[in-house]
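Trainee: Mind having a look at this structure? Questions to follow.
Residue numbers (the working numbering), protein chains in the order written: chain S, 1466 to 1611; chain U, 1367 to 1644.
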């Protein structure tokens, strides 16, 4: 990482610890920032691809979102979405892209655990595990996996 | 409207919302839901689902450029994410149970508060605050590069900030927004975190918070691919452009215009919610 070779700024004699700690944090953050950006780029590309198929097939049908019907299971569960991607559906691809998008911050949290572990910061490893558990519960416990 | 027209118009509106939201720092999600429900007659549940997805995209897309500047504090972020993700989960479950007219009223109230909070002069974080024992124990204090060298800060009132962030998460999960106004209240006013640190850190947190409720929304069928697609792509493109052309001289009047827009949309949502037309 280029950040690792960043010139050491004026060391502050009053807070040597904070300084060192924040540079380590900063390196982790730069890596995490790149993880996030790649996830968003990948997700946007998949959504755009799905959009092309969807618009090509359904361009002249009427758009109606005034009445809430809820999505069919093929667009709201992971197996359903994968199934509709395999059968070449545009909206299935869009949902897959959105799943990648939702997974991106979750991946960032998972990577942070490694970062805090490298810094031997047990308290923050524990905090991050709590956040990850909540996120996984939301994604898998809400019935999306079935 | 046919699907191709609808997609095009929604993409343009989302692009403008993302651009203005990023230029003013007020976020694009907060205007999208009212715009979609009032002018496009989209059911508020579909609108919230689409907005939530776009919030994840803008937060995650901007994070890479924010972190390079070295303002954000990942310990503050991670600690407060415990509160926001719990809140978001609760908000998402509530959203599936309360009537849409109530959702519209809460949304209107949040818009009015956001408009008010954006006009209030920013409280300057005092320098040299004494270290708070709890913040020190949680290692929340830090430093950031300022004009006159490295500046350190001591975080205050951790329990108050943590509780407010739970509320911010709940609103985010309930309404599909980033709830920036509540975060300002928690991080700037209660915890006394310097503005640059709180803004960049909360941007980092917004994506994680939204992800906590997005799973619930997707599995409940609130995320429609045909609607979420133009909203997400439009807001993302608009906010990325906004972060590139950030012209400081013009943001002041732009902020005023945008907060008036938020105010008007807030009144509309309240009106529609109270008269039950949503």
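Every residue gets a Cβ at the ideal spot worked out from N, C-alpha and C, and that includes glycine. Note that the structure is predicted; figures quoted are calculated from it, not measured.
By the criterion of Cβ-Cβ separation under 9 angstroms, what are the contact partners of residue 1373 of chain U in chain S?
Mentor: In the second chain, residue 1373 of chain U corresponds to position 7, counting from 1. Neighbours of residue 1373 of chain U on chain S, chain order: 1516, 1519, 1520, 1524, 1528.
Trainee: I want to know whether the region 1548-1560 of chain S touches the region 1537-1547 of chain U - three or more CB-CB distances under 8 angstroms.
Mentor: Verdict: no, contact absent.
Trainee: At the level of alpha carbons, what is the spacing between residue 1397 of chain U and residue 1585 of chain S?
Mentor: Residue numbering aside, residue 1397 of chain U sits at position 31 when the second chain is read from its first letter. Residue numbering aside, residue 1585 of chain S sits at position 120 when the first chain is read from its first letter. Spanning the two alpha carbons is a distance of roughly 43 angstroms.
Trainee: If we define contact as Cβ-Cβ less than 8 angstroms, is residue 1560 of chain S a contact residue for chain U?
Mentor: Taking the first chain and counting its residues from 1, one reaches residue 1560 of chain S at position 95. Yes, residue 1560 of chain S lies at the interface with chain U (some Cβ there is under 8 angstroms from its Cβ).
Trainee: For the region 1567-1585 of chain S, enumerate the residues whose C-beta is nearer than 9 angstroms to any C-beta of chain U, in chain order.
Mentor: So the close ones are 1567, 1568, 1569, 1570, 1571, 1573, 1574, 1577, 1580, 1581.
Trainee: State the start and end residues of the unbroken beta strand (DSSP E) segment that holds residue 1511 of chain U.
Mentor: Your numbering for residue 1511 of chain U matches position 145 in the second chain. Where residue 1511 of chain U is concerned, the enclosing beta strand (DSSP E) stretches over 1508-1512.
Trainee: Going by other Cβ atoms of all chains shown within 10 Å of its Cβ, with 16 needed for buried, is residue 1588 of chain S buried or exposed?
Mentor: Translated into positions along the first chain, residue 1588 of chain S becomes position 123. Exposed, since its Cβ has fewer than 16 Cβ neighbours within 10 Å.
Trainee: Have a look at residue 1509 of chain S and residue 1425 of chain U and give me their C-alpha separation to the nearest angstrom.
Mentor: In the first chain, counting from the first residue as 1, residue 1509 of chain S sits at position 44. In the second chain, counting from the first residue as 1, residue 1425 of chain U sits at position 59. Rounded to whole angstroms, residue 1509 of chain S to residue 1425 of chain U spans 14 angstroms at the Cα level.
Trainee: Mind checking whether residue 1509 of chain U and residue 1517 of chain U have CB atoms under 8 angstroms apart?
Mentor: Mapped onto the second chain, residue 1509 of chain U falls at position 143. Mapped onto the second chain, residue 1517 of chain U falls at position 151. It is a contact, given that the beta carbons lie within the stated cut-off.
Trainee: Use the C-beta contact count for residue 1514 of chain U: other C-beta atoms within 10 angstroms, 16 or more gives buried, fewer gives exposed.
Mentor: Within the second chain, numbered from 1, the residue matching residue 1514 of chain U stands at position 148. Residue 1514 of chain U comes out exposed.
Trainee: Which residue from U:1573, U:1542, U:1462 puts its Cα closest to that of residue 1400 of chain U?
Mentor: The count along the second chain starts at 1 and reaches residue 1400 of chain U at position 34. Of the listed residues, the one whose Cα sits closest to residue 1400 of chain U is U:1542.
Trainee: Can you list, in chain order, the stretches of the alpha helix (DSSP H) that have 4 or more residues and sit fully within the region 1493-1577 of chain S?
Mentor: Within the region 1493-1577 of chain S, the complete alpha helix (DSSP H) runs of at least 4 residues are 1543-1551.
Trainee: Tell me which same chain residues have a C-beta within less than 6 angstroms of the C-beta of residue 1478 of chain S, skipping the five on either side of it?
Mentor: Counting from 1 along the first chain, the entry for residue 1478 of chain S is found at position 13. Reliability fails at residue 1478 of chain S, whose pLDDT of 43 lies under 50, so the model's placement of it is uncertain and no value is given.
Trainee: Can the beta-carbon of residue 1419 of chain U be found less than 8 angstroms from the beta-carbon of residue 1589 of chain U?
Mentor: In the second chain, the residue the question calls residue 1419 of chain U occupies position 53. In the second chain, the residue the question calls residue 1589 of chain U occupies position 223. Contact flag set, yes.
Trainee: Quick check on residue 1521 of chain S: buried or exposed, where buried means 16 or more other Cβ atoms within 10 Å of its Cβ?
Mentor: Taking the first chain and counting its residues from 1, one reaches residue 1521 of chain S at position 56. So residue 1521 of chain S ends up on the exposed side.
Trainee: Is residue 1404 of chain U buried or exposed, if buried means 16 or more other CB atoms sit within 10 Å of its CB?
Mentor: By one-based count along the second chain, residue 1404 of chain U stands at place 38. Buried is the call here.
Trainee: Does residue 1438 of chain U come out as helix, strand or coil in the three-state DSSP assignment?
Mentor: Within the second chain, residue 1438 of chain U is the residue found at index 72, counting from 1. Residue 1438 of chain U falls in the coil class under three-state DSSP.
Trainee: Below 7 angstroms CB to CB, which residues in the same chain sit around residue 1565 of chain S once its five sequence neighbours on both sides are set aside?
Mentor: Looking up residue 1565 of chain S in the first chain gives position 100. Within the same chain, residue 1565 of chain S has close Cβ partners 1504, 1507, 1508, 1511.
Trainee: Please classify residue 1485 of chain U: does DSSP put it in a helix, a strand, or coil?
Mentor: Position 119 of the second chain, counted from the first residue, corresponds to residue 1485 of chain U. Three-state DSSP puts residue 1485 of chain U in a helix.
Trainee: Can you give the Cα-Cα distance for residue 1521 of chain U and residue 1507 of chain U, rounded to whole angstroms?
Mentor: The sequence position of residue 1521 of chain U within the second chain is 155, counting from 1. The sequence position of residue 1507 of chain U within the second chain is 141, counting from 1. Approximately 6 angstroms between the Cα atoms of the pair.
Trainee: Give me, in chain order, the residues of the same chain whose beta-carbon lies closer than 8 angstroms to that of residue 1565 of chain U; leave out the 5 immediate sequence neighbours on both sides.
Mentor: Here residue 1565 of chain U is taken as the residue at index 199 of the second chain, counted from 1. Closer than 8 angstroms at Cβ, skipping near neighbours: 1391, 1437.
Trainee: Quick check on the burial criterion: 16 or more other C-beta atoms within 10 angstroms. Buried or exposed for residue 1373 of chain U?
Mentor: Translated into positions along the second chain, residue 1373 of chain U becomes position 7. Classification of residue 1373 of chain U: buried, given that the 10 Å Cβ count is 16 or more.
Trainee: List the residues that DSSP assigns as beta-bridge partners of residue 1526 of chain U.
Mentor: The residue given as residue 1526 of chain U occupies position 160 in the second chain. Note: residue 1526 of chain U sits in no beta bridge, so no partner.
Trainee: Where does residue 1516 of chain U sit, in a helix, a strand or coil, going by DSSP?
Mentor: Numbered from 1 along the second chain, position 150 holds the residue referred to as residue 1516 of chain U. Strand at residue 1516 of chain U.
Trainee: Out of U:1394, U:1635, U:1410, U:1623, point me to the one whose CA is closest to residue 1461 of chain U's CA.
Mentor: Walking along the second chain from the start, residue 1461 of chain U turns up at place 95. Minimum Cα distance to residue 1461 of chain U is reached at U:1410.
Trainee: According to a CB-to-CB cut-off of less than 8 angstroms, which residues of the region 1572-1588 of chain U neighbour chain S?
Mentor: Here the close residues are 1573, 1574, 1576, 1577, 1578, 1579, 1580, 1581, 1582, 1584, 1585, 1586, 1587, 1588.
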